[in-house]
Each structure stands twice: as C-alpha cells, then as structure tokens.
Amino acid sequence: MKSRQSLRGPQLREQVAQCAARIMIEGGISDYQLAKRKAVQQLRATDRSCLPNNEEIEAAISAHQRIFRAREQTQRLRELRRQALAAMDFLDAFHPRLVGPVLHGTADQHSDVHLHVFAEPAEELSLYLLEQGVPYKTTERRLRFAADEARFVPTCRFLAGDVTIELQVLPLSARRQAPLSPVDGRSMRRASAAEVAALTDASA
Numbered sequence: 002m003k004s005r006q007s008l009r010g011p012q013l014r015e016q017v018a019q020c021a022a023r024i025m026i027e028g029g030i031s032d033y034q035l036a037k038r039k040a041v042q043q044l045r046a047t048d049r050s051c052l053p054n055n056e057e058i059e060a061a062i063s064a065h066q067r068i069f070r071a072r073e074q075t076q077r078l079r080e081l082r083r084q085a086l087a088a089m090d091f092l093d094a095f096h097p098r099l100v101g102p103v104l105h106g107t108a109d110q111h112s113d114v115h116l117h118v119f120a121e122p123a124e125e126l127s128l129y130l131l132e133q134g135v136p137y138k139t140t141e142r143r144l145r146f147a148a149d150e151a152r153f154v155p156t157c158r159f160l161a162g163d164v165t166i167e168l169q170v171l172p173l174s175a176r177r178q179a180p181l182s183p184v185d186g187r188s189m190r191r192a193s194a195a196e197v198a199a200l201t202d203a204s205a
C-alpha cells in the first residue's frame, strides 16, 4: 500500500478532499480554506497542486454522509428544513430565502439555518425582532457579490429550539443579485418557502 508521502496528483488531491470533508463534518467547520490547511497538515502533503477546490470537498462531504451518516443526517436535515420553514413564515415580510447547506442537503448536527432577508434600512429587521420579543445577537458576514467585490452585511442570530437561525440582512436590490457561492463561485442558489416546503415533502 502506498504511503501518504508517495501519493501524487489526483490520488493525493482526492485524499486531501476526503480528509478536509471529515474535518468539516466532525469539527463543525464551515471554512473550506481552514479545512484544507488542516488536511494538508494531517497528511503531511507538500505538493501544493494537490489542493482540491471547494466543489471537490463539498462532493466528498456528500459522499461521507451517504456512507457513514445517512440516517442521522437525513433526520437532522429534515428538522433543519422544518425550522427554516417556520422562521421563513415568521419573517415573511422580509422576503426570506434559504441558502447554504440546509438547502443543498449537506447540513448536519453542527449546521445553522442561513436565511437571506431584505430590509432597508437593515434596522427594520432588528426592530421587528424586538417587537416580537425575540432575543438575538448581531454580527457581520462577509459576502462576495463579484470577483472583485466583497462586503460585510449585518446579521442577526437567534435560537429556535436547538437550531440557530442566522439572518443575513441584504438591501432590497439584492433580491435580484444573489451573492456568490463560496463553493463554486457562481450566484448562490436560493429557495423560497414554497420551494423549501416541496423539498421537505419530498424527503418525508
């Protein structure tokens, strides 16, 4: 059997992708670059051409879940989508759209529900949450809207049962221009409540 050090090219690239996927799943890490660095360290890989892209890691995550965690991951994904639907109904006035792993189907026990909501000014959302008596925390998330354009957007995070809901607050104009996906660099896939409900029904 070949040692890790003797692997080259596609074999090593695949092994780094699989290792990074395990790190993300087991450690609840969402940062692809961090997972790659940790995988390279674990495998003692010195060939920089072996680094997989984010799509390859995402594919490795899906494969790992199908093989090792199919039942528990399916149950958790269904629960996260139900919580997403409840939050989207609660936030209907802000035109919520589901994004990220809960939509893509790779969410697990470490995943939060990520929603894009639209408000101008952004404080409208904070006021609504206060009026509804929802405790929340604010922070920022860096989103990329073009290859040379990235900006920080305000976020509000609150708990729904044991699920964290993260609301990324975007201007109304962003309803027509989705940020770029960190996985493939294309416009993020987004889903309305009706589309999420259809996904939930299909997996029942």
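Residue 98 in the working numbering sits at position 97 of the sequence shown, and the numbers go up by one each step.
Yeah, the Cβ is synthetic: ideal placement off N, Cα and C, and Gly gets one too.
For clarity, every value in this text was computed on a predicted model and none was experimentally measured.
Quick one: give me the first and last residue of the beta strand (DSSP E) that residue i is part of.
i, result
"residue 169", "164-171"
"residue 141", "138-147"
"residue 155", "150-161"
Using DSSP with H/G/I as helix, E/B as strand and the rest coil, what is residue i?
i, result
"residue 46", "coil"
"residue 120", "coil"
"residue 70", "coil"
"residue 179", "coil"
"residue 188", "strand"
"residue 26", "helix"
"residue 133", "coil"
"residue 81", "helix"
"residue 56", "helix"
"residue 174", "helix"
"residue 31", "coil"
"residue 12", "helix"
"residue 18", "helix"
For the alpha helix (DSSP H) that contains residue i, what are its first and last residues?
i, result
"residue 197", "194-204"
Check whether the Cβ atoms of residue i and residue j sit closer than 8 Å, and answer yes or no.
i, j, result
"residue 180", "residue 146", "yes"
"residue 113", "residue 75", "no"
"residue 175", "residue 155", "no"
"residue 37", "residue 21", "yes"
"residue 100", "residue 115", "yes"
"residue 168", "residue 103", "no"
"residue 86", "residue 201", "yes"
"residue 153", "residue 141", "yes"
"residue 40", "residue 78", "no"
"residue 126", "residue 157", "yes"
"residue 194", "residue 84", "no"
"residue 64", "residue 13", "no"
"residue 120", "residue 95", "yes"
Closest Cβ-Cβ distance between residue i and chain D: below 8 Å?
i, result
"residue 39", "Looking for chain D here will not work: only one protein chain is present."
field: Completely contained alpha helix (DSSP H) runs for the region 91-115, where each covers 4 or more residues
entry: 102-105
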